[in-house]
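Taking it in order: structure first as structure tokens, then the write-up.
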């Protein structure tokens, strides 16, 4: 057993024992009265002004000032409440299952605060005094992260005398909800913002800054009506804020997180004990300053992290309806009417609140009149500019004027129909490895059908296990069935261009001749067909990977990875270049077009009955059984043919063909990238015209022959007959 495995097992054992035990503006500084809190003897602050500040990953050490130790404390809120009720308590250390109170704090003795991250990370809590500001009803008010800042979204700036004054300015802000503040201890500069680490997750805007102190508010309210959680597989957090026992289901644990007395952002269920639910205000995004904050264990489910939440409201006006959406993360995408994605659409950039107005007499938005005074429409909240993914949301909106009711229903289902089988390729003229591209489940299992959001793999395999070649893939493009929209998944270097849609190409652990890219099933909003095109090139003896920096597949911060997308320069290129030139004439006319696609069908059948509106805040649940899964339609057959590669291969959007080329750029012109269906139509039209010509020729020949015969008969009738002539 590796040392890391032993350490993970020991920490997990400790967790099990604990559970079983139990636009910049200037501040108007004249509007605020600012003063520092006293720090001598008992904590000198009015009860209504006493607040708490958290620092994650640090422990306070002061043996002479320790007031109490409470093993078995499974709630961070309970530990804070113990300190709040003790007038001499100024700070506390919390680890899941242990709370230690102190009569002094790091405000008085900064040297007593040191990093504490192994075997579990510690959460340090200290009392602070914030006066003349609205009270915060939650256990703690701010979390402080030293050495970090988030300046890009600062909405107001000012210069104050202390960190506490900066926090008070944030709490007193009325023009926008202040989610965070950044204080510079050297200059006294204070910046407040309506963004925090959660809203800007994966943007890279939360950065290190030596003299700054990042202060995140726990007092703002997040939208929690329509929420989606993403699973971080095989990882559980070392320290959590709350542990609940005897929780019947994972859905109940999820509800505990959404209704927690703090801003809960993650939970795990059943991994540290049967029916045990653990909650935390942290996610992998907010623990970047902690070394190894998670235990990585293969036989646990993992941690569910809050991905996105929406609150949707409707304003039913005299001539239109306005749907307003508030999110918990910066939204870059669009909101549009489901039936009119191009004409009734609003593009959103870096917004956490946005809206779409749909007039009742506007044919572009196609608002339907269901009954007298009842209007409805369906809208899609789409995160990506081109494709529909599992992260997107569908809403049915209704305005009923006689009862002044409004209805929001989350009842949109996207499913993929069609048999996703290996797409194989024609034989090339040059000698090269036979390569197979196919879509499978994670792990390589065959798949007959899928639905939007299903975890899939795009696999490139060399048939011959003894082949001396390896392959690399670049210029991977997904297109819709109409050839109108496309997105680049792997760029010309082989790096992920859309990291949150498809991950990097990696070698299979068991076979270096297999390249795998993870992705979730997706579709385009204007087409039922998704087609793939890629350039695949063999290299020998191995392919050199390319170093990529991208926003990772799980939506985290920028990550450096290797992807097998850059060919090693060697004598082989010159050799293959020569063979390509020699084989162009031989290979021409032998290309085979093979379609690789899967069909996406929208399902949106349920809507509220007229006159009986209901207000529903349905939440995308985490599937736990078959009844939670959307309907999967019967697959459509697809073709499969064999193809081998000896050079760069440029395949059209609906097929893959081998085309000799002396460069790594696409060599197929648009005229040659013809879909098999289009070719069939052309052939059918030609045959139809040929049949028409044959019929016309036959008819003309028949009429000409008949006309000739008629003339002969007329000439015979007019001929002189001496026997019948009059004498």
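Residue numbers (mature numbering (1 follows the signal peptide of the UniProt record, and there is no 0)): -24 to -1, 1 to 703. We put the CB at the ideal spot given by N, CA and C, even for glycine. Note that this is a predicted model, so its numbers are computed, not measured.
Under the assumption that residue 262 contacts residue 173 (Cβ atoms under 8 Å), give the Cβ distance between them as a whole number of angstroms.
Residue numbering aside, residue 262 sits at position 286 when the chain shown is read from its first letter. Residue numbering aside, residue 173 sits at position 197 when the chain shown is read from its first letter. That belief holds up - the Cβ atoms of residue 262 and residue 173 are roughly 5 Å apart, short of 8 Å.
Return the Cβ separation of residue 329 and residue 302 in integer angstroms, given the expectation that the two are a contact with Cβ distance under 8 Å.
Walking along the chain shown from the start, residue 329 turns up at place 353. Walking along the chain shown from the start, residue 302 turns up at place 326. Indeed they touch by this definition, with Cβ atoms about 5 Å apart.
Bridge partners for residue 288 per DSSP, in chain order?
In the chain shown, residue 288 corresponds to position 312, counting from 1. In DSSP, residue 288 forms a bridge with 301.
How long is the line joining the alpha carbons of residue 154 and residue 489, rounded to whole angstroms?
Taking the chain shown and counting its residues from 1, one reaches residue 154 at position 178. Taking the chain shown and counting its residues from 1, one reaches residue 489 at position 513. Taking the straight line from one Cα to the other gives about 52 Å.
Let me know if residue 94 comes out buried or exposed under the rule of 16 or more other beta-carbons within 10 Å of its beta-carbon.
Counted from its first residue, the chain shown places residue 94 at position 118. So residue 94 ends up on the exposed side.
Please classify residue 662: is it buried, with 16 or more other beta-carbons within 10 angstroms of its beta-carbon, or exposed?
Locating residue 662 in the chain shown gives position 686, where the first residue counts as 1. So residue 662 ends up on the exposed side.
Give the DSSP-derived three-state secondary structure of residue 687 in the structure shown.
Counting from 1 along the chain shown, the entry for residue 687 is found at position 711. If DSSP states are grouped into helix, strand and coil, residue 687 belongs with the helices.
Give the C-beta separation of residue 522 and residue 470 to the nearest angstrom, bearing in mind that I take them to be a contact with Cβ-Cβ under 8 Å.
If you number the chain shown from 1, residue 522 lands on position 546. If you number the chain shown from 1, residue 470 lands on position 494. So it is a contact: roughly 5 Å between Cβ atoms.
Would you call the CB atoms of residue 126 and residue 158 closer than 9 Å?
Working through the chain shown from its first residue, we reach residue 126 at position 150. Working through the chain shown from its first residue, we reach residue 158 at position 182. Cβ atoms of residue 126 and residue 158: closer than 9 Å.
Below 8 Å on the Cβ atoms is my guess for residue 285 versus residue 257; work out the distance and round it to an integer in Å.
Counting from 1 along the chain shown, the entry for residue 285 is found at position 309. Counting from 1 along the chain shown, the entry for residue 257 is found at position 281. At roughly 14 Å, the Cβ-Cβ gap does not stay under 8 Å, so residue 285 and residue 257 are not in contact.
Would you report the Cα separation of residue 598 and residue 41, rounded to the nearest angstrom?
Taking the chain shown and counting its residues from 1, one reaches residue 598 at position 622. Taking the chain shown and counting its residues from 1, one reaches residue 41 at position 65. Note that residue 598 has pLDDT 36, beneath the 50 cutoff, so the model's placement of it is unreliable and the number below is only indicative. Roughly 47 Å separates the two Cα atoms.
Are residue 221 and residue 246 closer than 9 Å when you measure CB to CB?
The count along the chain shown starts at 1 and reaches residue 221 at position 245. The count along the chain shown starts at 1 and reaches residue 246 at position 270. No, they are not a contact pair.
At which residues does the beta strand (DSSP E) containing residue 213 begin and terminate?
Locating residue 213 in the chain shown gives position 237, where the first residue counts as 1. Its beta strand (DSSP E) spans residues 211 to 213.
Out of 664, 72, 177 and 293, which one is the CA nearest neighbour of residue 48?
Here the question's residue 48 lines up with position 72 in the chain shown. If we check each option's Cα against that of residue 48, 72 comes out closest.
Determine the direct distance from the alpha carbon of residue 64 to that of residue 367, and round the result to whole angstroms.
As a position in the chain shown, residue 367 is number 391, starting the count at 1. As a position in the chain shown, residue 64 is number 88, starting the count at 1. Between residue 367 and residue 64, the C-alpha separation is close to 49 Å.
Check residue 658 in the structure and name its three-state DSSP category.
Your numbering for residue 658 matches position 682 in the chain shown. In the structure shown, residue 658 sits in a helix (DSSP, three-state: H, G or I).
In angstroms, rounded to a whole number, what distance separates the CA positions of residue 685 and residue 678?
The residue labelled residue 685 in the question sits at position 709 within the chain shown. The residue labelled residue 678 in the question sits at position 702 within the chain shown. Near 11 Å, if we compare the C-alpha coordinates of residue 678 and residue 685.
Anyone know if the C-beta pair for residue 364 and residue 501 falls short of 9 Å?
Sequence index remark: in the chain shown, residue 364 carries index 388 (1-based). Sequence index remark: in the chain shown, residue 501 carries index 525 (1-based). Yes; because the gap between Cβ atoms is below 9 Å, this pair is in contact.
Does the region 292 to 308 touch the region 210 to 221, meaning 3 or more C-beta pairs lie closer than 8 Å?
Flag = no, the region 210 to 221 and the region 292 to 308 do not touch.
Could you spell out the range, first to last residue, of the beta strand (DSSP E) harbouring residue 229?
Within the chain shown, numbered from 1, the residue matching residue 229 stands at position 253. First-last for residue 229: 226 to 234, but that is the alpha helix (DSSP H), not the beta strand (DSSP E).
Hey, how far is the Cα of residue 61 from the Cα of residue 164?
Residue mapping note: residue 61 aligns to position 85 of the chain shown, counting from 1. Residue mapping note: residue 164 aligns to position 188 of the chain shown, counting from 1. The straight-line gap from Cα to Cα measures roughly 33 Å.
Please return the same chain residues whose Cβ sits closer than 6 Å to the Cβ of residue 74, not counting the five positions on each side in sequence.
By 1-based counting over the chain shown, the position of residue 74 is 98. Excluding positions up to five away in sequence, the list reads 47.
I need the boundaries of the beta strand (DSSP E) containing residue 54, first residue and last residue.
As a position in the chain shown, residue 54 is number 78, starting the count at 1. Element bounds for residue 54: not the beta strand (DSSP E) but the alpha helix (DSSP H), 52 to 61.
What are the boundary residues of the beta strand (DSSP E) that residue 253 is part of?
Reading the chain shown from its first residue, position 277 is the one you call residue 253. Note, residue 253: beta strand (DSSP E), 253 to 256.
DSSP on residue 427, reduced to helix/strand/coil?
Taking the chain shown and counting its residues from 1, one reaches residue 427 at position 451. The answer is coil: DSSP assigns residue 427 none of H, G, I, E or B.
From residue 137 to residue 119, what does the alpha carbon distance come to, in whole angstroms?
Position 161 of the chain shown holds residue 137. Position 143 of the chain shown holds residue 119. Using only the alpha carbons, I get a separation of about 19 Å.
Roughly how many whole angstroms lie between the Cα atoms of residue 704 and residue 345?
Missing from the structure shown is residue 704; the chain here goes from -24 to 703 and no further.
What does DSSP give as the partner residues of residue 315 in its beta bridges?
Position 339 of the chain shown, counting from 1, holds the residue named residue 315. For residue 315, which the question treats as bridged, DSSP gives no partner whatsoever.
Taking the DSSP output, what are the residues bridged to residue 19?
Against the chain shown, residue 19 aligns to sequence position 43. DSSP output for residue 19 lists no bridge partner at all.
Looking at C-alpha atoms only, which residue of 308, 238, 167 and 148 is the closest neighbour of residue 178?
To locate residue 178, count along the chain shown from 1; it is residue 202. For the residues 308, 238, 167 and 148, the minimum Cα distance to residue 178 belongs to 308.
List, from N- to C-terminal side, the alpha helix (DSSP H) runs of 4 residues or more that fit wholly inside the region 125 to 176.
Whole alpha helix (DSSP H) segments, 4+ residues: 139 to 148.
For residue 623, is the classification buried or exposed, using 16 other Cβ atoms within 10 angstroms of its Cβ as the cut-off for buried?
Numbered from 1 along the chain shown, position 647 holds the residue referred to as residue 623. With a pLDDT of 37 at residue 623, under the threshold of 50, the modelled position of that residue is not reliable, and the figure given next carries that caveat. The residue is buried, with at least 16 neighbouring Cβ atoms inside 10 Å.
Would residue 217 count as contacting chain D if we go by Cβ distances under 9 Å?
No chain D is present in this structure, which holds just one protein chain.
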